[in-house]
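Q:
There are 2 protein chains.
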Amino acid sequence: MLMHILAAAALTVAQSESGSAQKETPPNIVVLFADDLGYGDLSCYGHPTIRTPHLDRMAAEGMRFTQFYSAAEVCTPSRAGLLTGRLPIRSGMCSDRRRVLFPDSSGGLPDDEITIAEALKGKGYATACIGKWHLGHLPQYLPTRHGFDFYFGVPYSNDMHNKQRGDPPVPLMRGEETIEQPVDQTTLTQRYTTEAVRFIRQSKARPFFLYVPHTFPHVPLFVSEKFRGTSRAGLYGDVVEELDWSVGQILQALRDEGLSERTLVIFTSDNGPWLTQKDRGGSAGLLRDGKGSTWEGGMREPAIAWWPGTIKPGSVCQELATTMDIFTTSLTIAGVPIPSDRTIDGKNLMPVFRGGKSECEAVYFYRGTRLMAVRKGPFKAHFITQSAYGPDSQRPESHDPPLLFNLDVDPAERFDVAKNHPNVLTEIAREVERHLGELKQGKPQLDEILGK
Amino acid sequence: MLMHILAAAALTVAQSESGSAQKETPPNIVVLFADDLGYGDLSCYGHPTIRTPHLDRMAAEGMRFTQFYSAAEVCTPSRAGLLTGRLPIRSGMCSDRRRVLFPDSSGGLPDDEITIAEALKGKGYATACIGKWHLGHLPQYLPTRHGFDFYFGVPYSNDMHNKQRGDPPVPLMRGEETIEQPVDQTTLTQRYTTEAVRFIRQSKARPFFLYVPHTFPHVPLFVSEKFRGTSRAGLYGDVVEELDWSVGQILQALRDEGLSERTLVIFTSDNGPWLTQKDRGGSAGLLRDGKGSTWEGGMREPAIAWWPGTIKPGSVCQELATTMDIFTTSLTIAGVPIPSDRTIDGKNLMPVFRGGKSECEAVYFYRGTRLMAVRKGPFKAHFITQSAYGPDSQRPESHDPPLLFNLDVDPAERFDVAKNHPNVLTEIAREVERHLGELKQGKPQLDEILGK
Chain A
23 MLMHILAAAA
33 LTVAQSESGS
43 AQKETPPNIV
53 VLFADDLGYG
63 DLSCYGHPTI
73 RTPHLDRMAA
83 EGMRFTQFYS
93 AAEVCTPSRA
103 GLLTGRLPIR
113 SGMCSDRRRV
123 LFPDSSGGLP
133 DDEITIAEAL
143 KGKGYATACI
153 GKWHLGHLPQ
163 YLPTRHGFDF
173 YFGVPYSNDM
183 HNKQRGDPPV
193 PLMRGEETIE
203 QPVDQTTLTQ
213 RYTTEAVRFI
223 RQSKARPFFL
233 YVPHTFPHVP
243 LFVSEKFRGT
253 SRAGLYGDVV
263 EELDWSVGQI
273 LQALRDEGLS
283 ERTLVIFTSD
293 NGPWLTQKDR
303 GGSAGLLRDG
313 KGSTWEGGMR
323 EPAIAWWPGT
333 IKPGSVCQEL
343 ATTMDIFTTS
353 LTIAGVPIPS
363 DRTIDGKNLM
373 PVFRGGKSEC
383 EAVYFYRGTR
393 LMAVRKGPFK
403 AHFITQSAYG
413 PDSQRPESHD
423 PPLLFNLDVD
433 PAERFDVAKN
443 HPNVLTEIAR
453 EVERHLGELK
463 QGKPQLDEIL
473 GK
Chain B
23 MLMHILAAAA
33 LTVAQSESGS
43 AQKETPPNIV
53 VLFADDLGYG
63 DLSCYGHPTI
73 RTPHLDRMAA
83 EGMRFTQFYS
93 AAEVCTPSRA
103 GLLTGRLPIR
113 SGMCSDRRRV
123 LFPDSSGGLP
133 DDEITIAEAL
143 KGKGYATACI
153 GKWHLGHLPQ
163 YLPTRHGFDF
173 YFGVPYSNDM
183 HNKQRGDPPV
193 PLMRGEETIE
203 QPVDQTTLTQ
213 RYTTEAVRFI
223 RQSKARPFFL
233 YVPHTFPHVP
243 LFVSEKFRGT
253 SRAGLYGDVV
263 EELDWSVGQI
273 LQALRDEGLS
283 ERTLVIFTSD
293 NGPWLTQKDR
303 GGSAGLLRDG
313 KGSTWEGGMR
323 EPAIAWWPGT
333 IKPGSVCQEL
343 ATTMDIFTTS
353 LTIAGVPIPS
363 DRTIDGKNLM
373 PVFRGGKSEC
383 EAVYFYRGTR
393 LMAVRKGPFK
403 AHFITQSAYG
413 PDSQRPESHD
423 PPLLFNLDVD
433 PAERFDVAKN
443 HPNVLTEIAR
453 EVERHLGELK
463 QGKPQLDEIL
473 GK
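Residue numbers (the numbering used here), protein chains in the order written: chain A, 23 to 474; chain B, 23 to 474.
1) Quick one: list the residues of chain A neighbouring L77 (chain B), beta-carbon separation under 8 Å, in chain order.
2) So, with DSSP's three-state summary, where would you put L142 (chain B)?
3) CA-CA distance, E198 (chain B) and P125 (chain B)?
4) Express the C-alpha separation of Y178 (chain A) and T209 (chain A) in angstroms, rounding to a whole number.
5) Using a C-beta cutoff of 8 Å, does D260 (chain B) count as contacting chain A?
6) Compute the Euclidean distance between the alpha carbons of W317 (chain B) and D311 (chain B), then round it to the nearest angstrom.
7) Could you please give the first and the last residue of the uninterrupted beta strand (DSSP E) stretch that includes A227 (chain A)?
8) Chain A partners of K300 (chain B), CB-CB under 8 Å?
9) Checking the sheet assignment: what are the DSSP bridge partners for K154 (chain A)?
10) Please list, in chain order, all residues of the same chain as D266 (chain B) whose beta carbon is under 6 Å from its beta carbon, the five residues on each side excluded.
11) Which ranges does the beta strand (DSSP E) cover as unbroken runs of at least 3 residues, wholly within the stretch 309-341 of chain A, from first to last along the chain?
12) With DSSP as the reference, label I360 (chain A) as helix, strand or coil.
13) Quick check on D5 (chain B) - is its C-beta less than 8 Å from some C-beta in chain A?
14) Please report the straight-line C-alpha distance between P424 (chain A) and G314 (chain B), rounded to a whole angstrom.
15) Less than 8 Å between the C-beta atoms of E381 (chain B) and K398 (chain B), yes or no?
16) Under the three-state reduction of DSSP, which class applies to A126 (chain A): helix, strand or coil?
17) Taking all protein chains shown into account, decide if Q162 (chain A) is buried (16 or more other Cβ within 10 angstroms of its Cβ) or exposed.
18) Quick one: any contact between the stretch 322-339 of chain B and the stretch 284-297 of chain B, if contact means 3 or more CB pairs under 8 Å?
19) Could you check how far apart the C-beta atoms of V241 (chain B) and D181 (chain B) are, in whole angstroms? I think they sit under 8 Å.
20) Please report the distance separating the alpha-carbon of C151 (chain B) from that of G336 (chain A).
21) Quick check: the stretch 244-253 of chain A against the stretch 278-287 of chain A, are at least 3 beta-carbon pairs closer than 8 Å?
22) Please tell me whether R310 (chain A) has its Cβ less than 8 Å away from any Cβ of chain B.
23) Strictly below 7 Å CB to CB, what residues from chain B border Y67 (chain A)?
24) What does S305 (chain A) touch in chain B if you count any residue whose Cβ is under 8 Å from its own?
25) Starting from R196 (chain B), trace the beta strand (DSSP E) both ways and give me its first and last residue.
26) Would you mind working out which of A:T215, A:G158 and A:G357 sits nearest E46 (chain A), comparing C-alpha positions?
27) Is there a Cβ of chain A sitting closer than 8 Å to that of V338 (chain B), yes or no?
28) Could you give the DSSP three-state label for M80 (chain B): helix, strand or coil?
29) Under 8 Å: do the stretch 154-168 of chain A and the stretch 126-142 of chain A share three or more Cβ pairs, one atom per stretch?
30) Kindly indicate which residue of B:L104, B:M85, B:R417 and B:T407 has the alpha-carbon position closest to the one of F375 (chain B).
31) Confirm the yes/no value for this check: CB of I201 (chain B), any heavy atom of the ligand HEM, distance under 7 Å.
32) Mind reading off the beta-carbon distance from T345 (chain B) to G103 (chain B)? Whole number of angstroms is fine, and I expect it under 8 Å.
33) Any beta-carbon of chain B closer than 8 Å to the one on P400 (chain A)?
34) Let me know the secondary structure DSSP gives F174 (chain B) once reduced to three states.
35) Is R277 (chain B) close to chain A, meaning its C-beta is less than 8 Å from at least one C-beta of that chain?
36) So, helix, strand or coil for Y163 (chain A), using DSSP?
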């Protein structure tokens with residue numbers, strides 16, 4: 023809510039980027055967010071048969087990250103983290119029982135959380151959310167109540183029509199109205215793209231914030247006629263290639279409107295590949311495990327930033343970054359003060375975009391409300407591990423001392439080096455103590471069920 | 023030997039490429055060959071912390087292959103395949119007992135095999151082998167006896183100084199003389215590069231064939247002072263980054279000499295990463311297993327072809343290709359007839375370089391002399407599997423019916439689909455029957471030991 027922002031901003035004035043930005047029109051911001059896309063699923067991240075020429079070009083014209091993390095290992099908390107710049111544990115948007123929101127959930131993103139859209143509206147930004155929301159489907163939680171002028175999309179995951187649970191068919195919404203139920207999923211990517219391009223064309227006179235959380239490649243997979251059977255990598259490949267096409271359309275619209283040099287576009291995904299779906303799920307490439315786990319494959323994502331004239335073309339960035347940084351970066355370049363009444367975990371990526379160092383000192387890997395692992399520099403300590411698939415998926419395993427991996431040397435988390443680095447373990451233990459000491463957990467939002 | 027070539031060529035006249043090439047100076051050919059580099063080890067193939075800006079640029083200016091195979095799962099047979107265009111089983115350059123040549127081996131590449139260097143010499147090519155040979159260290163097997171005007175390098179692998187076996191220290195040779203023993207391995211990549219650049223400068227008036235089989239990243243790893251400790255990915259990363267630097271130097275020399283548009287450069291590796299070496303070995307990315315196995319990780323390689331003006335910049339090629347194609351392609355563009363008195367397995371890659379289809383219909387996966395698997399189109403049937411590391415590495419496992427994977431959809435070989443594709447199994451069985459029916463095994467070269 024805007025009220026909160028004004029209060030939150032009272033004490034802080036954003037520096038550096040905002041000085042000049044306040045005089046000119048601040049840049050547009052576009053966030054393209056895939057669902058369950060794995061680290062290894064794009065051609066420019068090494069996939070051998072999925073063709074992603076538009077994302078490859080985006081990377082060639084921009085910056086490709088290799089150590090970019092989502093805020094969580096599953097959908098709802100990940101999205102909360104991105105839009106608020108805060109670990110989902112702080113907003114209560116994570117849970118050990120119900121890992122995400124369901125159609126019978128009565129909770130959602132709390133009103134007192136500040137989303138990027140809310141923060142930017144005060145600067146005159148036009149704001150749109152086009153795609154899968156998954157931060158509460160009741161009216162009071164919809165995108166339109168969280169700073170978005172415009173909403174078009176589905177309120178939660180495309181598989182959430184469990185008849186035993188009493189789920190209704192998955193609806194498609196425009197604003198706060200259901201316009202189609204069940205939604206025709208085959209044309210969703212096409213329709214999101216059309217809406218996104220239209221929004222860009224309509225909003226070009228103002229600065230705008232466009233958030234496109236795609237429904238796919240989350241299972242069940244659907245693809246338009248145009249893409250069906252066209253990839254070598256099966257239906258999953260078709261779906262990712264249609265997503266790639268969508269990215270190409272959106273970037274081309276920006277070019278056509280002459281907005282390239284004043285628009286930051288970031289493409290990434292909410293969590294790793296859904297490995298239990300077998301050949302319907304994606305690949306984490308060389309990383310271990312996938313969606314739902316706090317192994318690298320669950321939370322390290324493909325991520326590409328594009329801003330011609332500001333980001334050097336063809337950069338490969340090995341700096342630590344997270345989706346929560348999108349919040350802080352967006353506010354900074356828009357000249358909006360970072361809220362000072364709450365902990366913001368995201369860092370400003372502008373120095374990184376300019377080839378400098380990341381301000382991100384540690385990455386926290388939560389599974390629900392449990393802190394499972396912490397990364398500091400190249401080292402990641404796992405206190406608890408739990409695979410998201412296969413025989414190990416049923417039971418968490420605690421580690422004391424923690425497992426320790428040097429991710430720079432061993433990105434696949436194969437060789438425990440805890441014995442060789444007692445000092446690192448000490449340092450990480452201190453980091454955890456500090457973190458947990460200052461942590462204020464938000465009121466849990468995911469476990470309440472409608473009518474119960 | 024040249025005599026063999028003339029005889030072999032009598033009946034065949036190379037077509038298409040040679041017509042015009044014979045009038046002008048034919049193009050130069052440079053083959054840069056890494057040792058034990060994995061599919062996932064380059065930045066442009068998705069490695070998160072190894073920086074390979076020169077290879078990335080080579081790919082951006084050329085063609086990056088995603089389905090490119092070495093001729094074998096280990097070193098000696100792989101090199102025999104590349105230089106002769108023939109499966110190593112045909113030249114006798116593979117074995118089940120001793121998988122490669124050792125310093126006490128008395129065999130080597132037979133005199134009646136035709137190497138690329140021999141074939142091209144007849145067209146006036148200057149030829150050089152700079153790096154690790156590993157096709158016989160006795161004088162009669164050295165590069166200088168197989169068509170290379172110039173040789174500088176080590177005769178076999180850099181770890182082959184086993185005192186119990188009575189190995190001498192690893193020598194460095196120039197021509198047929200040992201010039202340093204033990205070789206200082208820390209400067210090898212630098213020295214290979216210097217020699218390669220010098221050869222290019224000296225040979226620029228003629229067409230030339232330059233073969234640079236690097237010693238690294240084969241274990242033990244050595245790197246020059248300049249690169250030591252500079253990568254984020256440990257010593258392995260340092261070594262690969264020095265290799266990348268070397269590629270950059272060689273490409274720059276070609277640019278400086280104005281040879282870019284008349285030089286085909288191919289970069290690839292002899293086999294997959296050496297996984298038993300743990301963090302000293304590389305990564306096969308999303309592929310299964312590594313060096314020594316016939317799972318994809320053992321034989322699918324990073325491969326980049328560069329030929330400005332002929333190959334479209336930034337191409338990603340999903341066509342099937344093998345290192346044996348380098349033989350046939352080289353002869354074709356040099357206007358040399360393909361030998362007709364023997365089976366040549368390599369195909370001409372020129373159509374592929376121009377964006378067309380591969381002529382490669384099947385890939386044979388031998389482990390020593392055993393045919394373990396066959397790939398036809400997207401399908402790979404495993405008759406026998408054996409991991410190269412871990413508990414499964416000690417015993418081959420036979421499969422009847424074979425395991426069948428659709429590599430386009432499932433590059434990681436996770437989901438056996440044999441039951442769904444009986445026709446594919448029949449077709450592959452027919453392919454195997456045809457192949458084994460025409461197969462003439464060469465006299466075994468790898469098992470004889472000096473003085474025994």
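Beta carbons: idealized from backbone N, C-alpha and C, even for Gly.
A: The short version:
1) Against L77 (chain B), chain A offers no close residue; the least beta-carbon distance is about 12 Å (beta-carbon pairs closer than 8 Å).
2) Here L142 (chain B) sits in helix by DSSP.
3) Straight-line spacing of the CA atoms in E198 (chain B) and P125 (chain B) works out to 16 Å.
4) Taking the straight line joining both Cα atoms gives about 17 Å.
5) It does not: the Cβ of D260 (chain B) has no partner Cβ on chain A nearer than 8 Å.
6) W317 (chain B) and D311 (chain B): Cα-Cα distance of roughly 6 Å.
7) Neither: A227 (chain A) is in no beta strand (DSSP E) and is coded neither H nor E.
8) R436 and F437, listed in chain order.
9) DSSP links K154 (chain A) through a beta bridge to no other residue.
10) Hits under 6 Å: T74, H76 and L77.
11) If we require 3 residues or more, the beta strand (DSSP E) runs fully inside the stretch 309-341 of chain A come out as 322-328 and 337-339.
12) I360 (chain A): coil per DSSP, three-state reduction.
13) Here chain B covers residues 23 to 474 and nothing more, so residue 5 (chain B) does not appear.
14) If you take the alpha carbons of P424 (chain A) and G314 (chain B), they lie about 33 Å apart.
15) In terms of Cβ geometry, E381 (chain B) and K398 (chain B) do not form a close pair [threshold 8 Å].
16) Looking at the sequence itself, residue 126 (chain A) is Asp, so the reference to Ala does not match. Of the three classes helix, strand and coil, the one that applies to D126 (chain A) here is coil, per DSSP.
17) Residue burial is scored here from C-beta neighbours: Q162 (chain A) has fewer than 16 other C-beta atoms within 10 angstroms and is therefore classed as exposed.
18) Contact between the stretch 322-339 of chain B and the stretch 284-297 of chain B is present, with at least three C-beta pairs closer than 8 Å.
19) Between D181 (chain B) and V241 (chain B) the Cβ distance is about 6 Å, and since that is below 8 Å, they are a contact.
20) C-alpha separation (whole angstroms): 33 Å.
21) Because the criterion of three Cβ pairs below 8 Å is not met, the stretch 278-287 of chain A and the stretch 244-253 of chain A do not touch.
22) No - not a single Cβ of chain B is within 8 Å of the one on R310 (chain A).
23) Near Y67 (chain A) (Cβ distances below 7 Å), the residues of chain B are G68.
24) Annotation: Cβ neighbours of S305 (chain A) in chain B (cutoff 8 Å, chain order): L308, P433 and A434.
25) Here the beta strand (DSSP E) through R196 (chain B) covers L194 to R196.
26) The shortest Cα separation from E46 (chain A) among A:T215, A:G158 and A:G357 belongs to A:G357.
27) Closer than 8 Å to some Cβ of chain A, the Cβ of V338 (chain B) qualifies, so yes.
28) Correct three-state label for M80 (chain B): helix.
29) Look at the beta carbons and you see the stretch 154-168 of chain A touching the stretch 126-142 of chain A: at least three pairs across the two are nearer than 8 Å.
30) The option with the nearest alpha carbon to F375 (chain B) is B:M85.
31) Annotation note on the ligand HEM: not contained in the displayed structure, which lists no ligands.
32) About 6 Å; that satisfies the 8 Å criterion.
33) Yes, because at least one Cβ of chain B sits closer than 8 Å to the Cβ of P400 (chain A).
34) The answer is strand: DSSP assigns F174 (chain B) an E or B state.
35) Interface criterion not met: the Cβ of R277 (chain B) is under 8 Å from no Cβ in chain A.
36) Three-state DSSP puts Y163 (chain A) in a helix.
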